[in-house]
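Using my numbering, read the sequence shown as starting at 1 and increasing by one per residue. Glycine residues also receive a C-beta, built at the ideal position from the N, C-alpha and C atoms. Structure first, commentary second.
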Amino acid sequence: MSSTIDAVLRTAVDSGALPHVVAVAADRNGVIYEGAAGSTVAGGDDPVSPGTHFRIMSMTKIVTTVAALQQVEKGTLDLDAPVDTYRPEFADVQVLEGFDGDTPRLRPPASRATVKQLVTHTAGLSYWFWNEDITRWQSVTGTPNVLSGSTVIFTAPMVADPGTTFEYGINTDWLGRVVEAAAGVPLDVAVRDGITDPLGMSETSFAPTDEQRANLVALHVTGDDGRWTGIGEVLPASPEYYAGGHGLHSTPRDFLTFQQALLHGGTFEGTTILRRSTVDAAFTNQIGDLDFPAAIETADPASSFGFHAGPGNKWGYGLLLNTADVPGGRRAGSGAWAGLMNTHFWVDPAAGVTGAIYSQFLPFVPEEALGVYAAFEHALYASL
Numbered sequence: 001m002s003s004t005i006d007a008v009l010r011t012a013v014d015s016g017a018l019p020h021v022v023a024v025a026a027d028r029n030g031v032i033y034e035g036a037a038g039s040t041v042a043g044g045d046d047p048v049s050p051g052t053h054f055r056i057m058s059m060t061k062i063v064t065t066v067a068a069l070q071q072v073e074k075g076t077l078d079l080d081a082p083v084d085t086y087r088p089e090f091a092d093v094q095v096l097e098g099f100d101g102d103t104p105r106l107r108p109p110a111s112r113a114t115v116k117q118l119v120t121h122t123a124g125l126s127y128w129f130w131n132e133d134i135t136r137w138q139s140v141t142g143t144p145n146v147l148s149g150s151t152v153i154f155t156a157p158m159v160a161d162p163g164t165t166f167e168y169g170i171n172t173d174w175l176g177r178v179v180e181a182a183a184g185v186p187l188d189v190a191v192r193d194g195i196t197d198p199l200g201m202s203e204t205s206f207a208p209t210d211e212q213r214a215n216l217v218a219l220h221v222t223g224d225d226g227r228w229t230g231i232g233e234v235l236p237a238s239p240e241y242y243a244g245g246h247g248l249h250s251t252p253r254d255f256l257t258f259q260q261a262l263l264h265g266g267t268f269e270g271t272t273i274l275r276r277s278t279v280d281a282a283f284t285n286q287i288g289d290l291d292f293p294a295a296i297e298t299a300d301p302a303s304s305f306g307f308h309a310g311p312g313n314k315w316g317y318g319l320l321l322n323t324a325d326v327p328g329g330r331r332a333g334s335g336a337w338a339g340l341m342n343t344h345f346w347v348d349p350a351a352g353v354t355g356a357i358y359s360q361f362l363p364f365v366p367e368e369a370l371g372v373y374a375a376f377e378h379a380l381y382a383s384l
């Protein structure tokens, strides 16, 4: 297995499809693959490895979701309760209907969004890079996007009434604030005490140490010559809040421990972070007849090429669920998600395997990268 996957990774870097890449996988017996190709800065001599640090961005969402589900199990959080029960300021969030010139046209939502709607991205909140109205709202109001680390992002409006559509956005940042209210501690403490410390994930945090930052892969873009080049940090070193939607840094090896906990139904190596029934619910359709979009078009080409999941997908708790087998790959019922800077993971309970592939570049999911991800997955499943 390793030689085939190693070749996939090496070809990806040599061809220029990716600036660097790390891939990991595990089955129910433990880790079955670790491999890497390339350097922390393209063309450099510091190789990436499964112990290298990455900005995992929206892979943070499943961790925050687990922290919320832990509060549900403790009885301190009700998924069916309105969000403003825990965060009264959420009652001020309105729906953006359009614009009168440069003036946003806002109205109250038709219903009070629930915590479950935050978890399932059905509360009506969106992101700038996948919604032109939010991009314009930010421009005319002078509001920075969510990567700014500023709490002003919580003034962003909804783009649809709660419960009417799947709209991917800042829901999990709001969920992080709900967790803080329910748990009575900051989100970083809730995640540390409930998830990372019990699982021994010492390399995963919202605030990396100086040593961990020194081990952080550079974010890359392609220059005018088509070559990968590392750029400066785009995330604030001291954000004003713990971003439940994108704030964690981790290593592929460390996050694989979390993936294995999900694969094992919430208990891994004697440590339980969730009940099996709760994990089963996370891998079950939680959006009913609503559809996860087969394609989400970009509103900001510098950030994203869009997202093309194909038809027949649903959303569980923090996870994109495929409802049919992927030929040569993950089985129906697998849960997955990704991070904006091109980190991707999946957990396949039916096949008993979990995998992830990591790089650090923008924009999100160009076709060349999707080809590499598929080649890795197919090589992994062919070896099982």
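| query | result |
| --- | --- |
| Residue 86: first and last residue of the uninterrupted beta strand (DSSP E) it sits in | Taken as a continuous stretch (DSSP letters only), residue 86 belongs to no beta strand (DSSP E), as it is neither H nor E. |
| Ordered list of alpha helix (DSSP H) runs contained in the segment 130-207, each at least 4 residues | 132-141, 171-183, 187-191 |
| With 16 other Cβ atoms within 10 Å as the buried cut-off, status of residue 139 | exposed |
| Same chain, Cβ closer than 8 Å to residue 178, five either side skipped, listed in chain order | 68, 77, 83, 86, 87, 115, 118 |
| Buried/exposed call for residue 429, threshold 16 Cβ in 10 Å | A query on residue 429 cannot be resolved here, the shown segment of the chain reaching from 1 to 384 and no further. |
| Bounding residues of the beta strand (DSSP E) (the contiguous stretch that carries residue 25) | 20-27 |
| Entirely enclosed alpha helix (DSSP H) segments - the segment 61-122, minimum 4 residues | 115-119 |
| Contact belief for residue 274 with residue 70 at Cβ below 8 Å, rounded distance in angstroms | 7 Å |
| Buried or exposed by the 16-neighbour rule on C-beta atoms within 10 Å, applied to residue 327 | exposed |
| Residue 160 to residue 120 span [Cα, whole Å] | 14 Å |
| Burial state of residue 14 (16 or more Cβ within 10 Å) | exposed |
| Cβ neighbour criterion (16 or more within 10 Å) applied to residue 314 | buried |
| Contact between the segment 215-234 and the segment 14-34 (3+ Cβ pairs under 8 Å) | yes |
| Cβ neighbours of residue 57 in the same chain (closer than 7 Å, five flanking residues each side left out) | 246, 339, 340, 341, 343 |
| Beta-carbon proximity list for residue 240, same chain, < 7 Å, skipping 5 on both sides | 149, 150, 151 |
| Given residue 277 as reference, the closest of 357, 287, 263, 142 once Cα atoms are compared | 263 |
| Any 3 or more C-beta pairs closer than 8 Å across the segment 250-267 and the segment 345-359 | yes |
| For residue 368, three-class secondary structure by DSSP | helix |
| Any beta strand (DSSP E) of 3 or more consecutive residues that is wholly inside the segment 209-249 | 219-222, 228-231 |
| Cβ-based burial, residue 377 [other Cβ within 10 Å; buried from 16] | buried |
| The segment 247-257 touching the segment 33-51, judged by at least three CB pairs closer than 8 Å | yes |
| Close beta carbons around residue 162, own chain, < 8 Å, minus the five adjacent residues each side | 109, 110, 111, 112, 113, 114, 117, 122, 123, 124 |
| Burial state of residue 74 (16 or more Cβ within 10 Å) | exposed |
| Alpha helix (DSSP H) segment containing residue 353, residue limits | From DSSP, residue 353 is part of no alpha helix (DSSP H) but of the beta strand (DSSP E) over 353-358. |
| Contact under 8 Å by Cβ, residue 12 with residue 21 | yes |
| Whole-angstrom distance between residue 270 and residue 258, CA atom to CA atom | 13 Å |
| Nearest to residue 214 (by Cα), restricted to the options 4, 9, 41 | 41 |
| Buried or exposed (CB count within 10 angstroms, at least 16 for buried), residue 406 | Nothing can be reported for residue 406: it is not among the residues displayed for the chain, which extend from 1 to 384. |
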